[in-house]
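For the sequence shown, this note's numbering begins at 1331 and goes up steadily by one. Even for Gly, the Cβ is constructed at its ideal location relative to N, Cα and C. Structure record follows, encoded as structure tokens.
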Amino acid sequence: MTVWHELHTGVVHPWLCDQFGHLNVRNYANFFNEAQFFAYARAGFPQSIALEYGGHGVAAVGRTTFIRELPVGSLIRIDGGMVASSTKTFTFLLRMRNEETGDLHATFECLEVFFNPKTRKSAVIPQELHPFIEQQIQGKPEVIQPELPRSIQPVNNWLETHTGVCFPWHCDQFGHMNVRWYAHCFDDGMFHLWPKLGVGWAAMKKEGVHTVTASTITFFQRELKAGDLFCIEGGLVRIGNKSVTFSQRMVNVETQNIHASQTVTEVFFDPKTRKAAQIPGSLKGIIESKIS
């Protein structure tokens, strides 16, 4: 089974929380990304060793599942380990727990590709790293969800929700936008998507609800480098009794290339009970009218 390692600890400070009183989606990405860097080191081949063999890991697909909200002041602990590997990829599973209660608050499953920084393309994992991998995956690989998908679901009507610039301070030591900033940009897009669909935050508040993110699956398709201009587009995929699923994509303004895409499931939430709620009828009708 997977060898688990403690990877990161943190505190949910007030400036990490949104207007709904809990840790914002983008800051889960921050914590998990910090932990992911340590996952390689704990597995025995940190960046310095991997680079000796011609590459390093980069994120290809990441799935975050939000299980319980984290209020301000919470102490968090992230552990994780490698759960699978292939010719060119590693899959890691990370778990975020409350340090005081032991409750599981979120999980992050990440498929990473071994990447050659000279060619800027994926590469075969060198044989020299295989012993490290074999030490981490002992016996049957451990996973908690179905296999990671490889693409978002189609959308009939894309709406522009956000624009941005990849600045140098968004880039990591590998010379491209760091994983966490994709989460920031997509989250900004989601906040703007609801009003563009005719279901603004004031309308939700009037009905005594708002939405929270239940899960995200992000596909990292092309690197973004300092100076790149991008826009976020989003659209409806399906609607249930309590949840709505969307697709989003990050498009290069100058080339029209898609650099990343994301599937998001949002749940309607009662701030008084702190539980999921039925979508109010008046709002559901508006949403359904936009899905065709």
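Below 8 Å on the Cβ atoms is my contact criterion, and I expect valine 1413 with threonine 1419 to pass it. Report the Cβ-Cβ distance as a whole number of Å. Taking the first residue of the sequence shown as 1, we reach residue 1413 at position 83. Taking the first residue of the sequence shown as 1, we reach residue 1419 at position 89. At roughly 11 Å, the Cβ-Cβ gap does not stay under 8 Å, so valine 1413 and threonine 1419 are not in contact.
Histidine 1343 to tyrosine 1370 span [Cα, whole Å]: Within the sequence shown, the letter at position 13 stands for residue 1343. Within the sequence shown, the letter at position 40 stands for residue 1370. In this structure, the alpha-carbon of histidine 1343 lies about 27 Å from that of tyrosine 1370.
Which residue from Gly1403, Ala1453, Leu1423 and Asp1558 puts its Cα closest to that of glycine 1351? Counting from 1 along the sequence shown, the entry for residue 1351 is found at position 21. Looking only at Gly1403, Ala1453, Leu1423 and Asp1558, the smallest Cα-Cα distance to glycine 1351 is reached by Gly1403.
Indicate whether arginine 1356 and histidine 1500 have their beta-carbon atoms separated by less than 8 Å. Here the question's residue 1356 lines up with position 26 in the sequence shown. Here the question's residue 1500 lines up with position 170 in the sequence shown. Taking 8 Å as the cut-off, the beta carbon of arginine 1356 is found no closer than this to the beta carbon of histidine 1500.
Helix, strand or coil at cysteine 1347 [DSSP, three-state]: The sequence position of residue 1347 within the sequence shown is 17, counting from 1. For cysteine 1347, the secondary structure class from DSSP, reduced to helix, strand or coil, is strand.
On the three-pair Cβ rule with 8 Å, is the stretch 1564–1571 touching the stretch 1545–1553? Contact annotation: the stretch 1564–1571 does not touch the stretch 1545–1553, with fewer than three C-beta pairs closer than 8 Å.
Which same chain residues, not among the five before or five after arginine 1579, have their C-beta less than 6 Å away from its C-beta? The residue labelled residue 1579 in the question sits at position 249 within the sequence shown. Counting only Cβ-Cβ distances below 6 Å, and skipping sequence neighbours, we find Glu1563, Ile1588 and Ser1591.
Give the range of the alpha helix (DSSP H) segment to which cysteine 1440 is assigned. Here residue 1440 corresponds to residue number 110 of the sequence shown, with the count starting at 1. Where cysteine 1440 is concerned, there is no enclosing alpha helix (DSSP H), although the beta strand (DSSP E) it sits in stretches over 1434–1446.
Check glutamate 1458 in the structure and name its three-state DSSP category. For this step, residue 1458 is matched to residue 128 along the sequence shown. Shown here, glutamate 1458 sits in a helix according to DSSP, grouped into three states.
Flag this pair as yes or no: are the beta carbons of isoleucine 1397 and leucine 1434 separated by less than 8 Å? For the purposes of this step, residue 1397 is identified with residue 67 of the sequence shown, where counting begins at 1. For the purposes of this step, residue 1434 is identified with residue 104 of the sequence shown, where counting begins at 1. Closer than 8 Å, so yes.
Stretch pair the stretch 1482–1498 + the stretch 1528–1540: three plus CB contacts closer than 8 Å: Proximity of the stretch 1482–1498 to the stretch 1528–1540 falls short of the contact definition, fewer than three beta-carbon pairs being nearer than 8 Å.
Using the C-alpha atoms, what's the distance from arginine 1450 back to glutamate 1429? The residue given as residue 1429 occupies position 99 in the sequence shown. The residue given as residue 1450 occupies position 120 in the sequence shown. Distance between the alpha carbons of glutamate 1429 and arginine 1450 is about 39 Å.
If you measure between the beta carbons of glycine 1528 and valine 1443, is that distance less than 8 Å? Locating residue 1528 in the sequence shown gives position 198, counting from the first residue. Locating residue 1443 in the sequence shown gives position 113, counting from the first residue. The Cβ atoms of glycine 1528 and valine 1443 lie no closer than 8 Å to each other.
In its own chain, which residues sit with a C-beta less than 8 Å from the C-beta of glutamine 1466, not counting the 5 before and 5 after it? For the purposes of this step, residue 1466 is taken as residue 136 along the sequence shown, with counting starting at 1. Only Thr1332, Val1333, Ala1373, Gly1374, Gly1411 and Met1412 meet the Cβ criterion.
Terminal residues of the alpha helix (DSSP H) in which alanine 1371 lies: Here residue 1371 refers to the residue found at position 41 when the sequence shown is read from its first residue. Start and end: 1355–1372.
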